[in-house]
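Everything on this sheet refers to the single structure shown next.
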Amino acid sequence: MIKQCMVAALLAATGAASFLAIAAREEHTFEVSVLIPTRAFYVIPSEPDWIQRQQILPWDVATSRLGSLRKYFDVRHDTSAIEARLELQPYLSNGHAPDNIALRVRFNGVELSHAVEPRLVVSAADAAVGSRVLLEIEPQQPPGGYRAGDYYGNVLLLFNARAPGG
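Numbered per mature numbering (1 follows the signal peptide of the UniProt record, and there is no 0), the sequence shown spans residues -23 to -1, 1 to 143.
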């Protein structure tokens, strides 16, 4: 009788343990999205996950040099060239203006400025078939050298489809 009770208790415990093992589960919820550009005009990052995040420029301790940022964009315009300009002069700041670090911005090898007039960055021929072009953001060493601190800044690029025949 005791053996039967022990067997019954052992079976009950095993059944409860297997139920708990089956009941354990993990769930993960994540967002999925896609940007499908128009076929007529687009300028989008080739790697879309970087542009919404802060980009950290690498600091080389051995040479006391600040590294640059290099990212690719996919571009297309089916009727004419693509132009670009900067909305504001780009720089990194630690809150003390004399320590600001100017940033040189090139798109497809063309240096951009915040002048009102945009610059041609992709020819009509290259834009018509679509191209992958490089964005380069290069810090310019201040005259007195880099000063210690936490620096932050923004680069605001504006892209235009050049008027046909323009």
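Beta carbons are placed, not taken as given, at the ideal position from N, Cα and C, and that holds for glycine.
Source: prediction; values computed, not measured.
Spatial neighbours of residue i in its chain, beta-carbon cut-off 8 Å, leaving aside the 5 residues before and after
i      : result
Asp127 : Asn71
Ile13  : none
Among the options, nearest to residue i - alpha-carbon criterion
i      : options                         : result
Ser41  : Leu135, Tyr123 and Val99        : Tyr123
Asp26  : Leu34, Ala58, Thr6 and Val11    : Val11
Phe18  : Val99, Arg62 and Glu8           : Val99
Glu24  : Pro119, Arg139 and Val110       : Val110
Ala125 : Arg139, Pro141, His73 and Phe84 : His73
Ala104 : Phe7, Ile13 and Pro141          : Pro141
Residue i and residue j closer than 8 Å at C-beta
i      : j      : result
Glu60  : Pro95  : yes
Leu48  : Leu135 : Checking the sequence, you will find Lys at residue 48 rather than Leu. For Lys48 and Leu135, no; Cβs fall outside 8 Å.
Ser57  : Ala101 : yes
Pro116 : Leu34  : yes
Distance, residue j Cα to residue i Cα
i      : j      : result
Leu133 : Val38  : 29 Å
Ser45  : Ala1   : 48 Å
Arg16  : Arg53  : 8 Å
Ile114 : Val82  : 5 Å
Val9   : Ile28  : 17 Å
Asp21  : Asn137 : The sequence given here has Ile at residue 21, not Asp. The alpha-carbon atoms of Ile21 and Asn137 are separated by roughly 13 Å.
Gln118 : Leu43  : 8 Å
Asn85  : Val106 : 16 Å
Glu4   : Val93  : 51 Å
Gly75  : Leu89  : First, the amino acid is wrong: residue 75 is Pro here, not Gly. Pro75 and Leu89: Cα-Cα distance of roughly 23 Å.
Thr6   : Trp36  : 36 Å
Nonlocal neighbours in the same chain, by C-beta distance under 7 Å from residue i, ignoring five residues either side
i      : result
Gln31  : none
Tyr68  : Asn77, Ile78, Ala79, Leu80 and Gly130
Ser108 : Val52 and Val99
Asp55  : Arg16, Ala17 and Ala105
Same chain, Cβ closer than 6 Å to residue i, neighbours up to 5 away in sequence not counted
i      : result
Val87  : Arg96 and Val98
His91  : Leu63, Leu65 and Gln66
Arg139 : Ser57, Ala58 and Glu60
Legend entry - Continuous alpha helix (DSSP H) assignments of at least 4 residues falling wholly in the segment 84 to 141: 101 to 106
Inset, instruction - Pick out the complete beta strand (DSSP E) segments inside the segment 10 to 48, 3 residues or longer, and give them in chain order. - result: 18 to 22
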